[in-house]
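In full-length UniProt numbering, the protein residues as written are 1 to 536.
First up is the structure itself, then whatever we jot down about it.
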């Protein structure tokens with residue numbers, strides 16, 4: 001028998017849990033019984049949200065303004081951001097954050113104990129980052145999980161992996177990408193405990209599956225970030241947008257062979273950290289007047305340029321001049337990690353850092369309510385493309401976007417419930433003729449090659465030749481993997497690799513199509529005078 005839900009949420013980070021808790025509380029107030037299913041492929045707390053260090057941005061101080069936050073977001077996004085969406089997120093942000101506080105989220109306060117200790121990060125013109133030490137995402141995740149656990153209508157399924165969205169295609173109907181009457185009825189989900197694919201049916205489905213970091217060799221994303229939601233939506237004839245805009249965090253800790261990379265938060269530069277070459281020389285003055293507080297795309301390209309010019313594998317981040325006690329108070333996790341793993345004393349030692357894939361500014365295209373082009377399918381958080389980020393995400397706007405759009409998706413879901421229904425003739429998952437592969441070494445090898453292709457050819461600096469080479473090699477991997485997929489019973493490694501190849505294709509395709517250098521997309525064959533100082 002299938003699992004029957006009123007609402008299905010795929011992903012348990014800030015976006016999915018915000019949506020689920022809002023729905024549960026709404027129907028609880030109406031004294032109506034609903035069943036909300038939240039599935040996650042590992043533990044509920046293992047999400048991209050958990051690894052967000054810096055904080056969540058919002059206009060909070062009396063001398064700050066919505067207009068300044070809007071302008072900062074537009075500038076960081078190289079004016080490709082949708083200003084209407086930016087205004088929505090910025091204006092609605094403070095109320096959504098107050099709700100997180102009401103759920104029990106603790107943000108750091110000044111020593112007075114009354115005012116919040118607001119930080120400033122790269123690209124921001126004012127102090128507006130609410131944070132909890134250097135583990136803000138983990139604190140928000142904790143509060144949301146506790147809130148969800150208190151709501152009986154929410155059932156969280158851990159170790160369940162969404163394989164495919166269920167649409168009209170599964171009822172034998174032909175569906176095209178720009179059809180307006182395609183519907184989502186839930187998902188086929190792999191129970192990783194018993195290996196069975198089960199039907200999770202729902203009137204409304206929300207994707208909140210996070211990013212795509214693991215298509216690259218260096219990433220700050222957890223191992224679960226394999227682009228699952230984007231790939232499933234695209235196969236279901238959803239529309240993807242802005243996939244070429246891959247944000248590389250400028251300052252991941254340099255630890256060769258370690259994945260994911262430990263993140264040295266943007267807030268460290270906001271606190272006063274200064275970037276230096278391995279010779280100890282500053283260099284950001286050669287790239288931007290904002291120095292180490294320039295937006296991430298500029299800083300990442302500058303570091304990439306300096307590393308290539310010198311042949312160095314990393315640069316340094318210097319915090320030795322900062323007040324050490326205050327630094328430890330703000331960044332206890334970073335301080336402890338650098339000490340315990342690299343033996344660094346940040347009072348006298350520089351931190352070796354390197355850019356690493358950090359965030360996807362594109363994703364499944366949605367409207368201002370989080371709706372995709374597929375009826376009753378929403379996408380929220382990093383897997384979605386709302387138009388907020390444009391060509392580059394402003395620091396700490398991601399958690400803000402997730403909580404604002406989680407709320408907006410909830411509002412629209414409640415309003416459109418009347419027309420939603422799930423057919424009774426949705427078939428079981430068909431794996432006839434497939435077998436369990438005796439070994440998964442091929443999956444491992446294809447995955448390594450995919451990571452190499454994306455890192456070497458579709459990284460911070462690109463060229464037409466590199467992109468063409470990447471697409472040609474990816475096509476061979478696609479053919480090889482699809483043969484394996486058709487022959488095999490589904491497993492998480494096989495399905496994750498399929499999704500990674502799918503999203504890598506979208507990244508390369510959209511990078512090849514963009515003929516101008518904007519924000520995070522930099523192609524040496526595109527002419528833009530402002531970029532001439534960046535070395536290949």
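We put the beta carbon where it would ideally sit given N, CA and C, even for glycine.
For clarity, every value in this text was computed on a predicted model and none was experimentally measured.
Beta-carbon separation (whole angstroms), residue i vs residue j, contact threshold 8 Å
i: residue 133; j: residue 332; result: 6 Å
i: residue 450; j: residue 513; result: Not quite, the Cβ-Cβ distance comes to about 21 Å (not below 8 Å), so this is no contact.
i: residue 523; j: residue 455; result: With 8 Å as the limit, residue 523 and residue 455 do not qualify as a contact, their Cβ atoms being about 16 Å apart.
i: residue 162; j: residue 10; result: 5 Å
i: residue 395; j: residue 54; result: 6 Å
i: residue 211; j: residue 401; result: Not confirmed; about 13 Å, so no contact.
i: residue 552; j: residue 254; result: Since the first residue shown for the chain is 1 and the last is 536, residue 552 is missing from the structure and cannot be characterised.
i: residue 489; j: residue 431; result: 5 Å
i: residue 131; j: residue 108; result: 6 Å
Sub-9 Å separation of residue i and residue j beta-carbons
i: residue 305; j: residue 287; result: yes
i: residue 74; j: residue 89; result: no
i: residue 328; j: residue 271; result: no
i: residue 228; j: residue 499; result: yes
i: residue 491; j: residue 442; result: no
i: residue 166; j: residue 199; result: yes
i: residue 63; j: residue 36; result: no
i: residue 446; j: residue 467; result: no
i: residue 160; j: residue 192; result: yes
i: residue 69; j: residue 115; result: no
i: residue 240; j: residue 230; result: yes
i: residue 262; j: residue 275; result: no
i: residue 158; j: residue 251; result: no
i: residue 76; j: residue 393; result: yes
i: residue 268; j: residue 190; result: no
i: residue 363; j: residue 242; result: yes
i: residue 406; j: residue 17; result: yes
i: residue 58; j: residue 128; result: yes
i: residue 151; j: residue 25; result: yes
i: residue 232; j: residue 164; result: yes
i: residue 118; j: residue 61; result: yes
i: residue 399; j: residue 156; result: no
Beta-bridge pairing of residue i - partner residues as DSSP gives them
i: residue 109; result: 116
i: residue 184; result: 167
i: residue 355; result: Note: residue 355 sits in no beta bridge, so no partner.
i: residue 241; result: 363
i: residue 507; result: Paired residue(s): none; residue 507 is not in a bridge.
i: residue 189; result: 162 and 198
i: residue 384; result: 364
i: residue 219; result: 357
i: residue 32; result: Note: residue 32 sits in no beta bridge, so no partner.
i: residue 523; result: 462
i: residue 130; result: 56
i: residue 157; result: 39
i: residue 435; result: 488
i: residue 206; result: 9 and 378
i: residue 518; result: 521
i: residue 263; result: 252
i: residue 282; result: 276
Start-to-end residues for the alpha helix (DSSP H) that takes in residue i
i: residue 456; result: 441–457
i: residue 270; result: 266–271
i: residue 146; result: 136–149
i: residue 474; result: 464–487
i: residue 397; result: 397–415
i: residue 213; result: Element bounds for residue 213: n/a, residue is neither H nor E.
i: residue 27; result: 14–29
i: residue 95; result: 83–102
i: residue 339; result: 332–342
i: residue 301; result: 296–310
i: residue 67; result: 66–76
i: residue 230; result: 228–235
Cβ of residue i within 9 Å of any chain D Cβ
i: residue 331; result: Chain labels in this structure do not include chain D; a single protein chain is all it has.
Residue i, enclosing beta strand (DSSP E) - first and last residue
i: residue 251; result: 246–253
i: residue 7; result: 3–10
i: residue 38; result: 36–40
i: residue 274; result: 274–276
i: residue 317; result: 315–318
i: residue 379; result: 377–379
Three CB pairs or more closer than 8 Å across the stretch 21–34 and the stretch 48–66: Look at the beta carbons and you see the stretch 21–34 not touching the stretch 48–66: under three pairs across the two are nearer than 8 Å.
With a threshold of 8 Å, are at least 3 pairs of Cβ atoms found where one atom belongs to the stretch 331–346 and the other to the stretch 140–147? Cβ pair count under 8 Å is below three, so no.
Three CB pairs or more closer than 8 Å across the stretch 380–388 and the stretch 72–82: Contact between the stretch 380–388 and the stretch 72–82 is present, because at least three Cβ pairs lie under 8 Å.
Does the stretch 210–220 come into contact with the stretch 355–370, if we say contact requires no fewer than three beta-carbon pairs (one atom in each stretch) closer than 8 Å? Segments in contact, yes.
When the Cβ atoms of the stretch 365–377 are set against those of the stretch 179–187, are three or more pairs found closer than 8 Å? When C-beta atoms of the stretch 365–377 are compared with those of the stretch 179–187, three or more pairs fall below 8 Å, so the two segments count as touching.
Contact between the stretch 120–139 and the stretch 200–210 is defined here as three or more beta-carbon pairs at a separation below 8 Å; is this criterion met? Touching, no, given that fewer than three Cβ pairs across the two stretches are closer than 8 Å.
Is it true that the stretch 241–255 meets the stretch 412–427, where meeting means three or more beta-carbon pairs spaced less than 8 Å apart? Touching, no.
Taking 8 Å as the threshold, find out whether the stretch 105–122 comes into contact with the stretch 292–301 through three or more Cβ pairs. With the rule of 3 Cβ pairs closer than 8 Å, the stretch 105–122 counts as touching the stretch 292–301.
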